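Step one of this worksheet: look at the structure below.
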Amino acid sequence: MSTLPNCPSCHSEYTYEDGGVFICPECAHEWSLEVETPNGEEAKVVKDANGNVLTDGDSVTVIKDLKVKGSSSTLKMGTKVKNIRLVDGDHDIDCKIEGFGAMKLKSEFVKKA
Ligand SMILES: [Zn+2]
C-alpha cells in the first residue's frame, strides 16, 4: 500500500483508494488515475456498446431503434453503418447512412460489425 500517489491538490500522503478512485482525507479531493496522463494529453477512446474500441473507418451496427432528429423516420436496429468517423462531443460518431445522409450517432448505441 506504499504506492498510493500523494494528493495532487494538497500533497497529503494520507490518500486512500476506493473503487478505483483516489481520495484525500485532508482536503476531500477525489481523482482517478485515468485523469493523470503523463504528458497531459488524453487519448480519446471511443467504445461500442460491448466495450470494443472503435476506430475511424470501422463498420458498426445500430443496436436499437433510434429516432432521427428533425425527421419522422427511425433508424432501425440492425442498420449497418460503414466507414464511421470518430469526433468529439456527445454524439461521438460521424457517418453517412444510406437513405438518411450524414448523421451523428452515439457510440453506446452501436456495436462493431
Ligand atoms: Zn488533498
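All residue numbers for the sequence shown refer to UniProt numbering, where the first residue is 1 and numbers rise by one.
Every residue, glycine too, gets a C-beta built ideally from N, C-alpha and C.
For clarity, every value in this text was computed on a predicted model and none was experimentally measured.
**Asked** Per DSSP, what kind of secondary structure is glutamate 30 in: helix, strand or coil?
**Response** Strand at glutamate 30.
**Request:** Could you tell me whether the segment 59-67 touches the segment 11-31, where touching means 3 or more Cβ pairs closer than 8 Å?
**Result:** Contact between the segment 59-67 and the segment 11-31 is absent, because fewer than three Cβ pairs lie under 8 Å.
**Request:** For glutamate 26, verify whether its CB is less than 7 Å away from any heavy atom of ligand 1.
**Result:** Under cutoff, so the answer is yes.
**Any non-hydrogen atom of ligand 1 closer than 7 Å to serine 12 Cβ** = It does: the Cβ of serine 12 is within 7 Å (strictly closer) of some heavy atom of ligand 1.
**Message:** On a Cα-Cα basis, can you pick out the residue from Ala113, Glu30, Asn6 that is closest to threonine 79?
**Reply:** When only C-alpha atoms are compared, the closest one is Ala113.
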